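Novice:
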Amino acid sequence: MRDMLGREEAITVEKALELIFKNFSPVFPPEVKIKIEDSYQRILSKDIFSSEDLPQFARSTVDGFAVDSSDTFGAAEGMPAYLNIAGEILMGEEPAFEIKKNEAARIATGGMLPNGSDSVVMIEHVQQVVATRNRADEQMIEVMKPVAPGENVIQAGEDVRKDDLVFKKGHRLRPQDAGALAGLGITEIFVYERPKVSIISTGDEIVPADNKLKAGQVRDINSFNLAGLILEAGGEPVKEGIFRDEYNTIRNIVEEALKNSCMALITGGSSVGTKDMTAKIINDIGKPGVLFHGVSIKPGKPMIGGIVNNKPIFGLPGHPAAITVCFEQFIEPVLRKLTGISENKFRSRKPSVTAKMAKNVAS
Numbered sequence: 007m008r009d010m011l012g013r014e015e016a017i018t019v020e021k022a023l024e025l026i027f028k029n030f031s032p033v034f035p036p037e038v039k040i041k042i043e044d045s046y047q048r049i050l051s052k053d054i055f056s057s058e059d060l061p062q063f064a065r066s067t068v069d070g071f072a073v074d075s076s077d078t079f080g081a082a083e084g085m086p087a088y089l090n091i092a093g094e095i096l097m098g099e100e101p102a103f104e105i106k107k108n109e110a111a112r113i114a115t116g117g118m119l120p121n122g123s124d125s126v127v128m129i130e131h132v133q134q135v136v137a138t139r140n141r142a143d144e145q146m147i148e149v150m151k152p153v154a155p156g157e158n159v160i161q162a163g164e165d166v167r168k169d170d171l172v173f174k175k176g177h178r179l180r181p182q183d184a185g186a187l188a189g190l191g192i193t194e195i196f197v198y199e200r201p202k203v204s205i206i207s208t209g210d211e212i213v214p215a216d217n218k219l220k221a222g223q224v225r226d227i228n229s230f231n232l233a234g235l236i237l238e239a240g241g242e243p244v245k246e247g248i249f250r251d252e253y254n255t256i257r258n259i260v261e262e263a264l265k266n267s268c269m270a271l272i273t274g275g276s277s278v279g280t281k282d283m284t285a286k287i288i289n290d291i292g293k294p295g296v297l298f299h300g301v302s303i304k305p306g307k308p309m310i311g312g313i314v315n316n317k318p319i320f321g322l323p324g325h326p327a328a329i330t331v332c333f334e335q336f337i338e339p340v341l342r343k344l345t346g347i348s349e350n351k352f353r354s355r356k357p358s359v360t361a362k363m364a365k366n367v368a369s
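Numbered per this note's numbering, the sequence shown finishes at 369, counting up by one with no gaps.
#1: Consult DSSP for PRO181 and reduce its assignment to one of helix, strand or coil.
#2: Please identify the residue among GLY274, GLY312, ASP124, ASP251 whose C-alpha is closest to the C-alpha of SER75.
#3: Find out if the Cβ-Cβ distance for the pair THR284, ILE248 is shorter than 8 Å.
#4: Specify the secondary structure class of LEU25 as computed by DSSP and reduced to three states.
#5: Report yes or no: do three or more beta-carbon pairs, one from the segment 188-205 and one from the segment 34-54, lie closer than 8 Å?
#6: Following the continuous alpha helix (DSSP H) through TYR198, name the residue where it begins and the one where it ends.
#7: Going by the CB atoms, is the gap between LEU50 and PHE298 shorter than 8 Å?
#8: At 4 residues or longer, and completely inside the segment 295-342: list those alpha helix (DSSP H) runs for me, N to C.
#9: Exposed or buried, which one is SER57 when buried takes at least 16 other CB atoms within 10 Å?
#10: Just how far apart, CA to CA, sit ILE288 and GLU199?
#11: State the Cα-Cα distance for the pair ALA162 and THR345, rounded to the nearest angstrom.
#12: Are ARG225 and VAL244 close, meaning C-beta to C-beta below 8 Å?
#13: For the alpha helix (DSSP H) holding ILE288, just list the boundary residues, first then last.
#14: Quick check on the burial criterion: 16 or more other C-beta atoms within 10 angstroms. Buried or exposed for ARG112?
#15: Would you mind stating whether MET150 and ALA82 have Cβ atoms separated by less than 8 Å?
#16: Helix, strand or coil for ILE91 per DSSP?
#17: In angstroms, rounded to a whole number, what distance separates the CA positions of GLN335 and VAL19?
#18: Here's the rule: buried if 16 or more other CB atoms are within 10 angstroms of the residue's CB, otherwise exposed. What is VAL260?
#19: Quick check: the Cα distance between ASN108 and ALA64, rounded to an integer number of angstroms?
#20: Does the beta-carbon distance from ILE313 to PRO326 come in below 8 Å?
#21: Near GLY5, what residues of its chain come up, given a Cβ to Cβ distance below 7 Å and the 5 sequence neighbours on each side ignored?
#22: For PRO318 versus PHE30, is the C-beta distance shorter than 8 Å?
What follows is the structure in structure tokens.
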């Protein structure tokens, strides 16, 4: 639909995304084997199952004494329970003894519970004493507070059971996920390759960031902004360079970029003007071409979205704030679909709210 001046009217964000996904069949990138230390923000290409319990043994979550909880029932500061100290559990070793009735074993956080014990009394709730029996001194503890079965203990397999599905195909890996995999002895995984996204900066006024500015020139900001956003969303940015507003030059670089990348982003040249040719280039190089030119969003209204030979291509406004908004609303959802992510919703991961406008917003 066009306005009274013959210009294409802006469409809603939802309609723009619908047009993109309707005309686009994502091809997942090939999978690659990587080390878990390189797994942050990568997308799993295979399900991961556990080959063992995690943890593999019952372990203490506090410093204290491993006990049979029934030996502490009714204990209080005025009437403590007295337990003999049977020994100490050494870290990194299996206990060489078991707990008998009315016995306790000194244990540190992470230590393996000995047989005969089912809980741990915190060190703060005991008092070590010496008792003399049959003319011999015995090391004992006074337990000032009872513990329940399993208290201060993480049980074997409490985090993960053997054969459990740990992470599904399509899961985006977080730092804590690498830790969980390491705990299971998994050091290499299969993920999708990061989809390459070409960044094409255009404009006669744009110069490299390390250039000394002349009157009327602007340093290239957007390619750095976009590169970070692409990495954060799971893609691999490819900075093609800065190009003057010349039809053949930009068309050639766009065509070349789409040979090697899954998507192309053209910054600048999206508004209506004599030198703004992004829409024409998209239409000229492939089908179906431009799907929308103008979105009901601010900043970012002049944005262009299209598909060329099943590859998304976007023309972005030149303002850095508009670039960020457009990326989060349009490019990130498409990129997440390209990465193989399993989520049903492809909108931005950032939280949002629905609100009623109190004032009109000028276009």
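Think of the CB as a built atom: it goes at the ideal place given N, C-alpha and C, for glycine as much as any other residue. This one's a predicted model, so the numbers in the text were calculated from it and none came from an experiment.
Specialist: According to the structure data:
#1: Within the sequence shown, residue 181 is the residue found at index 175, counting from 1. PRO181: helix per DSSP, three-state reduction.
#2: Working through the sequence shown from its first residue, we reach residue 75 at position 69. Selected option, being the one with the closest Cα: ASP124.
#3: Mapped onto the sequence shown, residue 284 falls at position 278. Mapped onto the sequence shown, residue 248 falls at position 242. No, Cβ-Cβ distance for THR284 and ILE248 is not below 8 Å.
#4: Translated into positions along the sequence shown, residue 25 becomes position 19. If DSSP states are grouped into helix, strand and coil, LEU25 belongs with the helices.
#5: yes
#6: Here residue 198 corresponds to residue number 192 of the sequence shown, with the count starting at 1. No alpha helix (DSSP H) holds TYR198; the beta strand (DSSP E) holding it covers 194-198.
#7: As a working note, residue 298 is residue 292 in the sequence shown. As a working note, residue 50 is residue 44 in the sequence shown. The answer is no: Cβ separation not under 8 Å.
#8: 326-332
#9: On the sequence shown, residue 57 is found 51 positions in, with the first residue counted as 1. SER57 should be labelled exposed.
#10: Here the question's residue 288 lines up with position 282 in the sequence shown. Here the question's residue 199 lines up with position 193 in the sequence shown. Cα to Cα, ILE288 sits roughly 26 Å from GLU199.
#11: Taking the sequence shown and counting its residues from 1, one reaches residue 162 at position 156. Taking the sequence shown and counting its residues from 1, one reaches residue 345 at position 339. Those two C-alpha atoms are separated by around 35 Å.
#12: By 1-based counting over the sequence shown, the position of residue 225 is 219. By 1-based counting over the sequence shown, the position of residue 244 is 238. No, they are not a contact pair.
#13: Counting from one through the sequence shown, the residue named residue 288 turns up at place 282. Element bounds for ILE288: 284-291.
#14: Here residue 112 is taken as the residue at index 106 of the sequence shown, counted from 1. Buried is the call here.
#15: On the sequence shown, residue 150 is found 144 positions in, with the first residue counted as 1. On the sequence shown, residue 82 is found 76 positions in, with the first residue counted as 1. It is a contact, given that the beta carbons lie within the stated cut-off.
#16: Translated into the one-based positions of the sequence shown, residue 91 becomes position 85. In this structure, ILE91 counts as strand in the three-state DSSP scheme.
#17: Counted from its first residue, the sequence shown places residue 335 at position 329. Counted from its first residue, the sequence shown places residue 19 at position 13. Answer to the nearest angstrom: the Cα atoms are 7 Å apart.
#18: Along the sequence shown, read from residue 1 onward, the residue named residue 260 stands at position 254. The residue is buried, with at least 16 neighbouring Cβ atoms inside 10 Å.
#19: The residue given as residue 108 occupies position 102 in the sequence shown. The residue given as residue 64 occupies position 58 in the sequence shown. Looking at the two C-alpha atoms, the distance is approximately 20 Å.
#20: The residue given as residue 313 occupies position 307 in the sequence shown. The residue given as residue 326 occupies position 320 in the sequence shown. Against a cut-off of 8 Å, the Cβ pair of PRO326 and ILE313 comes out as no contact.
#21: Nothing in the structure corresponds to residue 5, since the chain is present only between 7 and 369.
#22: Residue 318 sits at position 312 when you count from the first residue of the sequence shown. Residue 30 sits at position 24 when you count from the first residue of the sequence shown. In this structure, PHE30 lies closer than 8 Å to PRO318 by Cβ.
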